[in-house]
Amino acid sequence: MPKQPEPEQPSGSAPQTAALRLGVDRTSPVPLYFQLSQQLEAAIEQGRLAPGSLLGNEIELAARLGLSRPTVRQAIQSLVDKGLLVRRRGVGTQVLHSKVRRPLELSSLYDDLEAAGQRPTTRVLRNTVEPATARIAAALGVAEGADVRLVERLRYAHDEPMARLRNHLPVELLDCDTAQLESTGLYRMMRAVGITLHSARQSVGARAADAQEARLLGEAPGAPLLAMERTTFDDTGRAVEFGDHIYRASRYAFEFQLLVRP
90 MPKQPEPEQP SGSAPQTAAL RLGVDRTSPV PLYFQLSQQL EAAIEQGRLA
140 PGSLLGNEIE LAARLGLSRP TVRQAIQSLV DKGLLVRRRG VGTQVLHSKV
190 RRPLELSSLY DDLEAAGQRP TTRVLRNTVE PATARIAAAL GVAEGADVRL
240 VERLRYAHDE PMARLRNHLP VELLDCDTAQ LESTGLYRMM RAVGITLHSA
290 RQSVGARAAD AQEARLLGEA PGAPLLAMER TTFDDTGRAV EFGDHIYRAS
340 RYAFEFQLLV RP
């Protein structure tokens with residue numbers, strides 16, 4: 090395999106890794122490259138290495154940590170393979186983004202992104218009343234054709250589209266002001282008017298993006314998407330929302346905690 094050229098560090102741009110406390114434990118059975126890659130990945134996910142920031146080149150990083158250049162290269166390549174870093178000729182190795190890992194629990198994407206320091210923002214695509222289809226009516230426990238509220242939003246993190254959120258709600262549930270929908274999360278709006286969220290029925294799947302979805306999410310047509318449907322109930326057992334959401338698989342993952350039955 091031909092030797093890959095070392096990405097150049099642009100003049101006047103300081104590598105952001107210089108401010109990080111990085112180190113490896115040579116007595117640990119964990120491979121050195123993996124220790125380094127885990128520290129860099131944590132720095133990306135915690136926002137200490139922001140999207141667009143530069144890593145030092147492999148030679149400087151290896152010298153600083155007392156590691157071989159192939160070890161550093163392997164650590165960086167593992168993050169390139171995960172889509173967290175990109176090598177750009179004439180620019181260097183740049184941080185692309187952090188992949189959002191969301192625990193599978195009854196919480197909103199807005200709250201999860203904010204808690205992770207991802208700076209969520211929202212663009213409302215539709216906020217209207219429409220007749221319930223048979224599928225929506227069954228989920229919300231209303232008559233087919235009855236009026237329901239449709240709220241469709243595009244959710245961003247670090248100014249990058251992450252998900253298209255489509256929610257149907259009982260029309261009398263709350264006042265869905267568009268400006269408020271763009272400044273906060275739907276679950277926060279529900280809690281603010283005294284709705285106590287209690288439980289949800291949820292399914293998660295995968296499919297390919299169609300042309301419109303790809304355009305909205307900044308992906309290529311046919312790119313993999315995570316798809317989630319959720320019906321949420323309040324503490325009286327009333328269905329308060331039916332969500333039909335899609336997420337960029339390149340930027341997003343659900344996390345599960347699995348327990349052994351006693």
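Quick note: to get my numbering, add 89 to the position in the sequence shown (first position is 1).
Heads up, the beta-carbon is just placed ideally off N, CA and C, and yes, glycines get one too.
Taking the Cα positions, Thr222 is about 41 angstroms away from Pro140. The closest CA to that of Leu286, considering only Arg208, Gly332, Asp323, Leu270, is found on Asp323. Taking a C-beta distance under 8 angstroms as the contact criterion, Thr211 and Arg244 qualify as a contact pair.
Residue state for Gln128 is assigned as helix, using DSSP reduced to three classes.
Taking a C-beta distance under 8 angstroms as the contact criterion, Glu271 and Val213 qualify as a contact pair.
Ser292 carries a strand assignment under DSSP once its states are collapsed to helix, strand and coil. Arg224 and Ala309 have their C-alpha atoms spaced approximately 29 angstroms apart. Ala303 is not bridged by DSSP to any residue.
Just so you know, the alpha carbons of Leu185 and Ser126 end up roughly 15 angstroms apart. In the DSSP annotation of this structure, the continuous segment of the beta strand (DSSP E) that includes Ala246 starts and ends at 236-246. For Gln183, the enclosing beta strand (DSSP E) stretches over residues 181-184. Our two residues, Val237 and Ser117, have alpha carbons roughly 58 angstroms apart in a direct line. Annotation for Glu149: the continuous alpha helix (DSSP H) segment containing it runs 147-154.
DSSP places Asp170 inside the alpha helix (DSSP H), whose first and last residues are 158-170.
C-alpha of Leu144 to C-alpha of Gln124: approximately 16 angstroms in a straight line.
If you look at Arg224, you'll find it isn't in any beta strand (DSSP E); it sits in the alpha helix (DSSP H) that goes 223-229. Per the Cβ contact rule, the segment 227-236 is in contact with the segment 256-264 (3 or more Cβ pairs under 8 angstroms).
For Val218, the number of other beta carbons within 10 angstroms of its own is below 16, and it is reported as exposed. Exclusion of the five residues before and after Arg327 leaves no residue of its chain whose Cβ lies closer than 7 angstroms to its Cβ. Between Gly332 and Arg319 the beta-carbon gap is near 4 angstroms, inside 8 angstroms, which marks them as a contact.
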